[in-house]
Amino acid sequence: MIVQKYKDMLQGKSVIRQLSEFATQRGNEIGYENVFDYSLGNPSVPAPQQFTDTMIDMLQNRNPMELHGYSQSLGIPAVRDKVAESLNRRFGMHYTGNHIFMTTGAAGAIAHAVRCVSEPGDEILTFAPYFPEYGPYINLTGAVLKVVPADTKSFQINFDAFEEMLTEKVAAVLINTPNNPSGMVYSAETLRKLAGIMTDKAAQYGHDIFLISDEPYREIVFAGVDSPYPSKFYANTLSCYSFSKSLSLPGERIGYVAVNPECTDAEYISAMCSQISRGTGHNCPPSIIQLAVAQVLDLTSDLSVYETNMNILYKELIDLGFECVKPGGTFYIFPKALEEDAVAFSEKAKKYDLIVVPSDTFGVKGYIRLAYCIDTEKVERSLEAFRKFVKNEY
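Structure representation (structure tokens):
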């Protein structure tokens with residue numbers, strides 16, 4: 001007999017994916033260039049040329065067995081060492097390769113981190129607005145995801161609600177900064193206060209409370225915005241990273257868990273991840289991609305287009321009467337809809353070939369997310385559609 005819970009999940013298809021599929025279908029009718037698709041967070045700039053050159057050089061000159069054979073279950077040792085060196089250089093940390101576990105993107109990193117620090121029935125707290133896939137990431141481990149209500153004035157942390165929900169059942173807190181969907185970056189003040197509360201509660205309850213930091217947008221930070229490294233503030237931190245956004249490599253599925261060397265049992269956690277892989281079927285990300293990213297760890301794609309697009313959209317939305325906290329990074333903007341029902345707002349927008357995602361799936365009512373990882377020319381053409389939409393409907 002098939003497992004009913006996975007069959008039931010078929011009825012809960014991602015709203016983001018549904019809207020993306022609608023945009024594709026509409027594009028087949030009128031030309032995709034005429035559909036202003038702000039649904040899917042898929043990077044829109046190419047990988048750095050140096051990454052491409054590295055791949056070509058390896059394919060032409062390296063031993064195929066090295067490139068295409070299995071890596072070790074924890075990842076290729078030389079790659080893990082280079083990741084540790086890069087993090088130490090950039091953030092003043094003290095990682096070694098033994099604190100790094102290579103994964104299939106940030107999703108794979110979170111899947112391993114949660115299993116390392118929680119048992120079935122434990123609670124994991126996260127903060128609205130949050131990436132909706134956290135639900136299956138957490139709940140399918142047997143732990144239970146609990147969502148702290150949003151601070152919609154700043155999209156930092158609602159600390160009053162957090163302290164109330166940080167009970168003895170909580171094994172870990174999952175944060176995402178820079179944040180999808182709000183685009184906000186947690187300040188040093190926010191991270192310092194978060195760490196202080198978690199430290200006090202862990203002492204009160206007599207058990208560790210881990211911080212799992214989801215960081216795929218770490219490099220997409222705008223001018224004048226400081227993006228502190230969460231592990232600098234709290235010892236029991238597991239950093240979950242992906243090269244999908246920084247190097248525009250989402251299809252290559254490569255990332256890592258970085259275990260703060262000062263955390264409890266730090267010497268075991270990376271090795272524990274390899275044992276978790278035995279039960280999840282994760283087992284060894286692609287060798288060639290590990291080797292290639294190791295050569296470009298301190299590079300990024302040209303990410304400047306995202307800030308350009310954000311500034312264009314932010315100005316237009318404000319001019320049209322939207323309320324919006326200005327993003328500090330990522331390629332998302334999260335304005336308040338012009339009516340309480342964000343789903344109805346999103347449906348009306350479709351009539352103008354504007355595809356925006358209602359906020360209900362992100363744990364907040366009455367907002368919309370726009371993923372502006374599209375060509376700037378298309379962003380500029382979409383402005384007239386927004387003007388017509390607002391004028392005619394509101």
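Per this note's numbering, the very first residue in the sequence shown carries number 1; after that it's consecutive. No residue lacks a Cβ here, since even glycine has one placed at the ideal position from N, Cα and C.
Contact between the segment 297 to 307 and the segment 269 to 285 is absent: fewer than 3 CB-CB pairs across the two stretches fall below 8 Å.
Between LYS326 and PRO43, the C-beta spacing is not below 8 Å. Taken in chain order, the whole alpha helix (DSSP H) runs of length 4 or more contained in the segment 45 to 72 are 49 to 61, 64 to 68. Around the CB of MET198, 16 or more other CB atoms lie within 10 Å, so the residue is classed as buried.
In the structure shown, PRO120 adopts coil according to DSSP, grouped into three states. Rounded to whole angstroms, the separation of the alpha carbons of ASN260 and LEU87 is 11 Å. When the alpha-carbon of SER270 is set against those of PHE51, HIS112, GLN49, the nearest one is in HIS112.
Looking from the CA of GLY255, the closest CA among PRO228, ASN236, SER287 belongs to SER287.
Of the residues assessed, MET1 falls on the exposed side of the cut-off, its CB having fewer than 16 other CB atoms within 10 angstroms.
No alpha helix (DSSP H) of 4 residues or more sits fully in the segment 362 to 386.
LEU338 and LYS365 have their C-alpha atoms some 12 Å from each other. At a Cβ-Cβ threshold of 8 Å, ILE209 and ASN236 count as neighbours. Among the bridge pairs identified by DSSP, MET184 is matched with none.
DSSP places ALA171 within a strand segment (E or B) once states are collapsed to three. Residue environment: GLY41 is assigned as buried (16 or more neighbouring CB atoms within 10 Å of its CB, all protein chains considered). Counting the other Cβ atoms within 10 Å of the Cβ of LEU10 gives fewer than 16, which makes it exposed. When DSSP reads this structure, TYR332 sits in a beta bridge with ALA371.
In the structure shown, the three-state DSSP call for SER304 is helix. Counting along the chain, the unbroken alpha helix (DSSP H) around SER20 starts and ends at 15 to 30.
Rounded to whole angstroms, ALA202 and ASN34 show a C-alpha spacing of 53 Å. With contact defined as three or more Cβ pairs closer than 8 Å, the segment 217 to 227 and the segment 316 to 332 are in contact.
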